[in-house]
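A short write-up of the structure that comes next.
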Amino acid sequence: MKTSLVKKTWRPFLAIMLFIGLWEVATRLFSIEEWLLPAPSDIVMEAKNVIPTFLPHLGSTVKLSVSGFLIGTTVGLGVATILHLMPKVRETFFPFIIISQNMPIIVLAPLLVIWFGFNALPKLIIITLACFFPIAVSALGGFTQTNRELVHYMKMMGASKAQLFWKLELPHAVPSIFSGLKIAGTYSVMAAVVSEWLGAQKGIGVFMTLAASSYRTSRVFVAIIVAMVISLAFYGLILLLERFFIRWQQKGEKT
Amino acid sequence: MLELRNVSKSFGQKQVLQEISLHVANGEFVSLIGPSGSGKSTLFSLIGGLLAPDAGDIYLNGEEITNKRGFISYMPQQASLFPWRTVIKNVLLGQELQGKKDHKRAEAMLERAGLGDVIHAYPHELSGGMKQRVAFIRALLSPQSLMLLDEPFSALDEFTRTDMQKWLLSIWEDYEQSILFITHSIDEALFLSDKIIILSVNPAGIKEVIKVPFNRPRDGDLLLSEEFLQWKKKIIDVIQV
């Protein structure tokens with residue numbers, strides 16, 4: 001297990017190291033100003049200094065993205081279930097759901113602030129909007145692709161519509177739901193940071209705007225890297241949950 | 001127990017079943033044989049209540065079950081086990097749908113059926129024959145007293161199939177469930193059943209009903225006996241007329 005992990009990861013790891021090395025050398029060689037593009041070493045130094053003041057921002061963003069993600073997941077699964085169980089509703093509203101995704105979040109954000117003020121609500125709405133779509137679409141796909149033979153078996157055995165859903169369609173959709181969750185998890189951090197730009201007391205987004213407006217570019221980079229790390233951590237967590245939930249699936253083969 | 005009275009069914013202009021009347025007695029093993037496309041699966045969907053007949057009625061134990069679901073137990077051609085459920089949870093599914101679960105009985109039956117070692121295995125860990133065994137036990141454990149078996153062994157290789165037929169008899173002979181069995185193998189029908197219903201094609205009607213005279217319990221030697229071959233010839237003659 002451990003050796004295979006090393007085997008799999010040494011290439012991307014080397015590539016990243018090489019990239020960072022080149023970056024470092026380039027900034028020194030061409031003496032690029034720190035406010036324009038800080039060297040990786042500058043960013044590390046800045047991170048060391050700024051991390052203590054940064055922590056509350058980080059906590060706030062994590063809290064915001066987790067709550068947004070959970071709401072988005074609930075809404076996404078709810079929407080998928082309703083659309084699946086009521087084909088007429090699906091025909092009517094599916095186009096609207098797609099349109100909702102064609103609206104850029106950044107454009108929508110100021111409007112939400114006008115309507116709901118500077119509290120948590122508009123932020124949660126933005127994150128939910130970003131998260132629910134991949135979950136709804138993947139869950140819906142999972143529901144509709146349920147194995148026909150299993151459906152036939154359930155019907156012959158006299159299963160009710162509720163039994164068909166809970167015992168067959170929902171568990172059958174779990175692997176697809178997880179692919180949606182993985183996308184939504186990474187979206188949620190991005191959406192949380194964007195929503196904080198609108199105006200908040202704390203958060204990575206706030207920290208970023210402050211740093212950018214005073215040309216403390218290394219700080220902006222610190223914020224970006226931290227946001228990436230959170231996003232990766234979410235992804236890893238969902239991956240672990242997925243392993244736990246679909247341990248029945250044979251590796252490399254779809255059963 | 002099961003009775004079909006003059007059941008007919010058409011899809012659009014095409015008549016699939018014409019005035020089918022048949023009867024399955026308590027504890028009886030009845031096979032339906034006929035060429036592909038003779039509407040056997042449609043007949044099952046009618047008995048299962050998924051489709052409504054254009055004419056005729058279906059009765060189970062004197063109660064009309066035309067176009068009503070949940071009165072029969074079913075074993076499909078493909079094992080159709082749920083991949084996220086272990087063997088034990090799969091065989092309990094039929095009971096689960098009807099309300100009551102009897103874990104002890106399921107475990108005992110799996111043990112007796114030679115599946116004791118795989119009780120907690122997932123379906124993908126089983127061979128094709130094993131999956132069909134689990135599917136049969138699932139049907140047998142379901143509370144309904146009539147089982148519909150839709151060509152359950154047709155996807156298996158010849159060796160496994162003969163084993164499975166013997167195995168099925170050894171298990172089933174201890175229970176009281178009636179079986180209605182679709183097959184297109186004459187050997188299989190003769191070896192397993194008490195009664196064989198031969199269907200004609202286009203539209204399917206009943207050509208002849210043959211009572212199988214062999215005593216139970218039956219063993220593999222029967223398949224090679226002179227008497228068996230004579231009955232087989234008789235059935236082939238009926239089909240070819």
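Chains W and G, in that order, are what the protein sequence lines are.
The opening position of the first sequence corresponds to residue 1 in UniProt numbering, with each subsequent residue numbered one higher.
The opening position of the second sequence corresponds to residue 1 in UniProt numbering, with each subsequent residue numbered one higher.
Where is the CB? At the ideal position from N, CA and C, for every residue including glycine.
These numbers were taken from a predicted model, which means no experiment stands behind them.
Cβ of residue i within 8 Å of any chain G Cβ
i: W:LYS48; result: no
i: W:GLY158; result: yes
i: W:PRO171; result: yes
Start-to-end residues for the beta strand (DSSP E) that takes in residue i
i: G:SER1; result: Looking at the sequence shown, residue 1 of chain G is not Ser but Met. Premise fails: G:MET1 is in no beta strand (DSSP E) and is neither H nor E.
i: G:MET75; result: 73-75
i: G:TYR59; result: 55-60
i: G:GLU19; result: 14-24
i: W:MET228; result: Looking at the DSSP string, W:MET228 is not in any beta strand (DSSP E); the run it does join, the alpha helix (DSSP H), is 217-245.
i: G:LEU148; result: 146-150
Under 7 Å from the C-beta of residue i: neighbouring residues of chain W
i: G:SER80; result: GLU149, LEU150, TYR153
i: G:PHE136; result: Correct list: empty, because the minimum Cβ distance to chain W is about 13 Å.
Coil, strand or helix - residue i by DSSP
i: W:VAL50; result: helix
i: G:HIS197; result: Looking at the sequence itself, residue 197 of chain G is Ile, so the reference to His does not match. In the structure shown, G:ILE197 sits in a strand (DSSP, three-state: E or B).
i: G:LYS101; result: coil
i: W:LEU150; result: helix
i: W:PHE19; result: helix
i: W:LYS254; result: For W:LYS254, the pLDDT reaches just 42, beneath the cut-off of 50, and the residue's location in the model is therefore unreliable, although a value from the coordinates is still provided. Coil, per DSSP.
i: W:ALA212; result: helix
i: G:PHE214; result: coil
i: G:LYS68; result: coil
i: G:PHE181; result: strand
i: W:LEU36; result: coil
i: W:SER179; result: helix
i: G:ASP221; result: helix
Contact set between residue i and chain G, taken where Cβ atoms lie within less than 7 Å
i: W:MET190; result: None at all; the shortest Cβ gap to chain G is about 32 Å.
i: W:TRP248; result: PRO83, TRP84, TYR122
8 Å Cβ cutoff, residue i in contact with chain W
i: G:ARG133; result: no
i: G:SER142; result: yes
i: G:GLY70; result: yes
i: G:TYR74; result: yes
CB contact flag (residue i, residue j, <8 Å)
i: G:SER127; j: G:PRO53; result: no
i: W:PHE54; j: W:PHE221; result: no
i: W:ILE135; j: W:LEU181; result: yes
i: W:GLY205; j: W:VAL189; result: no
i: W:TYR215; j: W:TRP10; result: no
i: G:VAL201; j: G:LEU141; result: no
i: G:LEU148; j: G:GLY34; result: no
i: residue 242 of chain G; j: G:ILE197; result: Chain G is shown only over 1 to 241; residue 242 of chain G falls outside these bounds and no answer can be derived.
i: G:GLN77; j: G:PRO152; result: yes
i: W:MET154; j: W:LEU170; result: no
i: G:LEU146; j: G:SER178; result: yes
i: G:ILE58; j: G:THR66; result: yes
i: W:PHE143; j: W:GLN101; result: no
i: W:LEU112; j: W:ILE126; result: yes
Beta-carbon neighbours of residue i, restricted to chain G and to distances below 9 Å
i: W:GLU163; result: The question names Glu, but residue 163 of chain W in the sequence shown is Gln. What W:GLN163 touches in chain G: GLU96, LEU97.
Chain W contact residues for residue i, given Cβ-Cβ distances below 9 Å
i: G:LEU50; result: HIS152, LYS155, MET156
N-terminal and C-terminal residue of the alpha helix (DSSP H) that residue i is part of
i: G:GLU226; result: 226-240
i: G:ILE119; result: Careful: G:ILE119 lies outside any alpha helix (DSSP H) and carries neither H nor E.
i: G:LEU46; result: 40-47
i: G:SER31; result: Careful: G:SER31 lies outside any alpha helix (DSSP H), inside the beta strand (DSSP E) at 29-33.
i: G:GLU176; result: Careful: G:GLU176 lies outside any alpha helix (DSSP H) and carries neither H nor E.
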